[in-house]
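Okay, so here's the structure we're looking at.
Residue numbers (our numbering): 114 to 292.
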């Protein structure tokens, strides 16, 4: 037996549970099947009551959201070819609104996660790092790239492609020496 009526118009690209186990974050698509909006749904409430958290009006960008490895931070934003915009919210607070971390900047790509404690971790090509670098950013308002501290500086012989945070460990993937 279903607990409630199925949600309609949900994009399969974004679907994450909040920390309370009663809140679902999902995307909806526009007429071109581009994820354009991120919503928050509370179990037991009608879909018409869902809150829109993010709207991407630029048709060259796609809205996205995913839960950080810590299980409590929802990262959301918009991405296009060579540009990303990143915001976050704490899923432990069912009324939390997205807070912008890094505004979009053409030519700058960023993959971000909650580093725990007082910082974020980001893989980025910002600052001419064509093969990407791993940086640590403080959790504070008014964040800018000037606040970035290199964890793995840019190395043109090493291409960083991803990262996964575990309890006490960080896995960084990439290629070096042609492999």
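We put the beta carbon where it would ideally sit given N, CA and C, even for glycine.
- Taking the C-beta atoms as reference points, residue 287 is found nearer than 9 Å to residue 275.
- Of all alpha-carbon atoms in 254, 193 and 140, the one lying nearest the alpha-carbon of residue 148 is that of 140.
- A direct Cα-to-Cα measurement between residue 260 and residue 251 gives close to 7 Å.
- Taking the CA atoms as reference points, residue 255 sits about 15 Å from residue 218.
- For residue 193, same chain residues with a beta-carbon under 6 Å away, outside a window of 5 residues either side, are 173 and 174 in chain order.
- Within the segment 141-188, the complete beta strand (DSSP E) segments at least 3 residues long are 148-155, 164-168 and 175-180, listed from N- to C-terminus.
- Out of 204, 177 and 119, the CA that lies nearest to the CA of residue 198 is found in 177.
- Take residue 229, set aside five residues on each side of it, and the residues of its chain with a beta-carbon closer than 7 Å to its own are 183, in chain order.
- In the three-state reduction of the DSSP assignment, residue 200 falls in the strand class, which pools E and B.
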